[in-house]
Amino acid sequence: MQVSSLNEVKIYSLSAGRSLPEWLSDRKKRALQKKDVDIRRRIELIQDFEMPTVSTKIKVSRDGQYIMAVGTYKPRIRCFDTYQLSQKFERCLDSEVVTFEILSDDYSKIVFLQCGRFVEFHSQHGHYYKTRIPKFGRDFSYHYPSCDLYFVGASSEVYRLNLEQGRFLNSLQTDASESNACDINPVHFLFAMGTAEGKVECWDPRTRNRVGLLDCALSSVTADTEIEGLPSVSALKFDGALNMAVGTSTGQVLLYDLRSSNPLIVKDHHYGLPIKSIQFQHQLDLIISADCRIIKMWNKDTGKIFTSMEPEHGINDVCLYPNSGMLMTANEAPKMNIYYIPVLGPAPKWCSFLDNLTEELEENPETTVYDDYKFVTRQDLENLGLAHLIGSSLLRAYMHGFFMDIRLYHKAKMMANPFAYEEYRREKIRQKIEETRAQRVQLKKLPKVNKELALKLIEEEGEEQQVTRKRKQKNLPSLLKDDRFKVMFENPDFQVDEQSEEFRLLNPLVSKISEKRKRKLKLLEELEAREQEEEEEPEGKASDAESSESSDDEKGWVEEVRKQRKLLRQEEKVKRQERFKEDQQTSLKPQFFEIKEGEEFRSFKDSAKKQKLMKKTLGDRLKLEEKLGTLNVCDTTVGSKQATFKLKKSEQQKKQQEAEKQHRQERKTLRRSANHLKSKRGRGRPFH
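Mapping the sequence shown onto our numbering, position 476 (from 1) lands on 507, and the numbers just tick up by one.
As structure tokens, then:
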């Protein structure tokens with residue numbers, strides 16, 4: 032049994048744990064239960080409460096004794112007897128079930144709407160009758176006063192089948208192209224149907240006329256919602272005589288009062304998935320709405336979230352066991368989930384032991400799911416040297432970080448900082464000593480950091496107290512006692528540097544007052560050294576004189592700024608002279624550079640150019656080579672790029688090529704001169 036908590040609401044998952052396959056023998060199952068602790072500790076509330084592959088719909092009979100579920104594969108229905116905590120019967124069907132309804136108090140009368148437009152009736156012994164409707168159906172409701180079945184689906188008509196007469200009646204003609212959901216009010220038997228256009232049409236079965244129309248698609252669009260496409264109605268449920276909840280295909284739930292066309296409240300699931308089921312919980316005035324990902328419970332008056340559940344597999348249907356805190360779901364998995372929420376109500380009478388079990392668990396709380404794990408961020412992993420584990424099974428991604436085993440975390444922390452425990456121990460001892468010192472009688476002492484600033488604040492505080500006493504005003508809190516500025520008088524990194532250029536230019540008049548404060552500081556330090564409790568006032572001028580000096584006119588302030596600037600210039604001049612002397616004293620040593628073979632030294636500029644070229648990116652170098660003509664880029668017919676390069680020639684290659692060129696020219700000239708001589712000889716010969 033797995034326990035989770037959200038908003039201080041405990042949810043017990045009774046179907047958590049491994050399930051044993053059906054083909055195992057009883058002997059092997061008992062052997063596995065002895066060996067495996069998880070299988071031994073699991074709670075199997077109802078034996079074999081599952082489907083072969085997928086469960087699509089789940090309902091409870093009105094007497095509360097039977098739980099019926101349909102699923103695949105093969106299409107079938109299973110009935111579970113709660114008094115025996117086991118399966119009552121199983122029946123296979125010809126096609127998959129879209130939805131079904133239990134007409135009697137027990138399992139003796141059941142109607143199935145199937146995928147192939149079939150409507151199948153079952154009695155206590157089994158299959159009773161099968162008929163067909165003209166168009167594919169999506170939902171149906173049973174009208175008890177007239178024994179009529181109302182079918183809605185891929186048609187603008189609502190088909191009526193009377194079970195007393197055993198024949199179809201005149202259908203209701205609506206304005207909708209298709210309908211997805213329908214329901215009949217249990218008090219005044221008003222028939223409502225939700226259309227694919229996002230509207231709800233209300234019909235009176237007595238007169239067979241439409242009495243109302245609600246535009247839910249328009250009402251579901253609010254300032255906070257983001258909707259893609261037209262919202263159609265996917266779920267519909269009445270509550271009492273006046274309230275009705277409508278679920279849309281975009282993930283909104285609208286609560287209506289039938290006397291108004293505007294919704295009382297619009298609740299968004301924020302997943303953009305169609306609402307599959309809506310249930311009402313009357314004890315706490317809650318609405319339980321579910322899409323295929325999450326089940327949300329929220330207050331129908333305020334819309335405040337009470338709690339929520341996210342099962343491991345997709346949700347197909349939700350069923351609330353009447354007058355209890357038990358919730359059952361049909362999932363995209365073989366196992367059907369059972370949840371018990373004690374806040375919603377007591378356990379059903381056939382499993383009353385759950386109340387005692389949950390009370391014992393609350394008295395002896397066990398470790399939660401993440402007690403053995405440590406949450407770390409990416410920066411923590413880098414500090415521990417475990418960043419290479421990201422993506423492995425040792426780390427589980429969660430929000431902005433990861434969950435890792437607490438044992439692995441402690442080992443890595445010990446290896447990264449082996450003296451962490453010693454530092455922690457020293458810090459704890461120091462804190463204990465400071466706590467004991469705080470209990471003693473304390474003298475007024477200045478802090479270790481920014482003593483002059485603290486003294487200034489103390490003086491200003493004393494002056495302000497005198498003014499407030501005269502004017503009878505409230506005292507403002509002191510910066511020395513404020514926790515927000517405590518670090519400024521404790522951490523040495525916050526020490527004010529009075530020799531800096533910025534401080535001297537911004538505070539030119541501080542120098543006069545600071546001299547007097549320095550005298551006071553010296554006297555205070557002497558008093559602390561002698562451990563004298565009596566505080567003596569330092570010799571100097573009165574506070575009136577100080578205040579008069581601090582409030583000088585603008586001329587004095589300008590003169591002080593000029594003096595500070597002159598002092599700064601003189602200091603810079605002295606620093607330059609010292610640097611110049613150091614430069615003269617340093618002797619320059621010659622540096623030697625090695626030249627590679629086959630290269631000639633021209634100047635340092637060529638090497639600098641080469642270094643600049645090497646620092647550039649490949650794209651910049653290619654552009655530069657295109658300008659010089661050493662690179663040619665062109666498009667091919669296929670659509671790709673073709674690049675031709677001209678290799679740069681070294682100096683030795685250039686010399687060799689010039690020598691070869693000169694040699695070729697000499698050979699050409701020799702050949703020409705030889706041919707010329709031959710032609711002359713040929714002309715001088717006699718003709719035979």
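C-beta atoms are modelled at their ideal positions from N, C-alpha and C, and glycine is treated no differently.
**Message:** Rounded to the nearest angstrom, what separates Y181 and G102 at their Cα positions?
**Reply:** 23 angstroms
**Prompt:** Helix, strand or coil for C247 per DSSP?
**Reply:** helix
**Asked** Expressed to the nearest angstrom, what Euclidean distance is found between the alpha-carbon atoms of H174 and R191?
**Response** 10 angstroms
**Message:** In the DSSP assignment, the beta strand (DSSP E) including K410 goes from what residue to what residue?
**Reply:** In the sequence as presented, Lys is not what sits at residue 410; that position holds Gln. Per DSSP, Q410 belongs to no beta strand (DSSP E); it is in the alpha helix (DSSP H), R409 to L415.
**Request:** Could you tell me whether any Cβ in chain C is nearer than 8 angstroms to the Cβ of A62?
**Result:** Among the protein chains of the structure shown there is no chain C, as only one such chain exists.
**Request:** Locate the alpha helix (DSSP H) running through Y370, then write down its first and last residues.
**Result:** DSSP places Y370 outside any alpha helix (DSSP H); the residue lies instead in the beta strand (DSSP E), whose first and last residues are N368 to Y371.
**Short Cβ contact (8 angstroms threshold) for D214 with S250** = no
**Message:** Please report the straight-line C-alpha distance between K298 and V284, rounded to a whole angstrom.
**Reply:** If I take the Cα positions, the gap works out to 5 angstroms.
**Message:** Three or more C-beta pairs under 8 angstroms: does that hold for the segment 443-459 against the segment 475-494?
**Reply:** no
**Asked** At which residues does the alpha helix (DSSP H) containing K654 begin and terminate?
**Response** L649 to L659
**Asked** Under the three-state reduction of DSSP, which class applies to V284: helix, strand or coil?
**Response** Strand.
**Prompt:** Touch check for the segment 415-428 and the segment 380-388: three-plus C-beta pairs under 8 angstroms?
**Reply:** no
**Three-state secondary structure assigned by DSSP to F182** = strand
**Request:** Put R479 into one of helix, strand or coil per three-state DSSP.
**Result:** The sequence given here places Lys at residue 479; Arg does not occur at that position. Coil.
**Asked** Quick one: what does DSSP say I464 is sitting in, helix, strand or coil?
**Response** helix
**Asked** Could you check where the alpha helix (DSSP H) with R239 kicks off and where it finishes?
**Response** Note, R239: premise wrong, no alpha helix (DSSP H); not H, not E.
**Prompt:** Which residues mark the beginning and the end of the alpha helix (DSSP H) in which M430 is found?
**Reply:** First-last for M430: undefined, no H or E at that position.
**Request:** In angstroms with no decimal places, state the Cα-to-Cα distance between L644 and E689.
**Result:** 28 angstroms
**Asked** When every heavy atom of the ligand ADP is checked, does at least one fall within less than 7 angstroms of the C-beta of R600?
**Response** In the structure on display, the ligand ADP does not appear, and there are no ligands present to speak of.
**Request:** Sort G303, F269 and L659 by Cα distance to P262 and report the nearest one.
**Result:** G303
**Asked** Comparing alpha-carbon positions, which option in D332, I325 and K327 lies nearest D316?
**Response** It is D332.
**Prompt:** In its own chain, which residues sit with a C-beta less than 7 angstroms from the C-beta of R468, not counting the 5 before and 5 after it?
**Reply:** none
**Message:** Checking the sheet assignment: what are the DSSP bridge partners for S406?
**Reply:** Checking the sequence shown, residue 406 turns out to be Phe, not Ser. Answer is F434.
**Request:** Note down the Cα distance separating R409 from L426, rounded to an integer number of angstroms.
**Result:** 11 angstroms
**Member of G157, I326 and Y97 whose CA lies at the smallest distance from the CA of P353** = Y97
**Message:** Please give the ranges of any beta strand (DSSP E) in the segment 123-211, keeping only runs that are unbroken, at least 3 residues long and fully inside the region.
**Reply:** 128-133, 141-145, 149-153, 158-163, 168-174, 179-184, 188-193 and 198-204
**Message:** Given a cut-off of 8 angstroms on the beta-carbon distance, is the pair S202 and R169 in contact?
**Reply:** no
**Request:** Return the chain-ordered list of same chain residues with a C-beta closer than 8 angstroms to the C-beta of F337, the five sequence neighbours on each side being excluded.
**Result:** N38, V40, L315, L317, M328, W329 and N330
**Request:** Return the CA-CA distance between E641 and K647, expressed in angstroms with no decimal places.
**Result:** The question names Glu, yet the displayed sequence has Lys at residue 641. Whole-angstrom Cα-Cα distance: 10 angstroms.
**Item:** Terminal residues of the beta strand (DSSP E) in which N293 lies
**Value:** Where N293 is concerned, there is no enclosing beta strand (DSSP E), given that its DSSP letter is neither H nor E.
**Prompt:** Can the beta-carbon of V91 be found closer than 8 angstroms to that of P106?
**Reply:** Taking 8 angstroms as the cut-off, the Cβ atoms of V91 and P106 do not count as close.
**Per-residue DSSP class, three states only, for V400** = At V400, the pLDDT of 49 sits below 50, so the modelled position is not reliable; the number obtained from the coordinates is stated separately. Coil at V400, not helix or strand.
**Item:** Given P373 as reference, the closest of M357, E521 and A364 once Cα atoms are compared
**Value:** Checked all of M357, E521 and A364; the closest Cα to P373 is M357.
**Message:** Taking the alpha carbon of R148 as the reference point, which residue from T162, I306 and E453 has its own alpha carbon closest?
**Reply:** T162
**Asked** N368 and T87: beta carbons closer than 8 angstroms?
**Response** no
**Item:** G278: first and last residue of the uninterrupted beta strand (DSSP E) it sits in
**Value:** Following the DSSP letters along the chain, one finds G278 inside the beta strand (DSSP E) bounded by residues N274 to T279.
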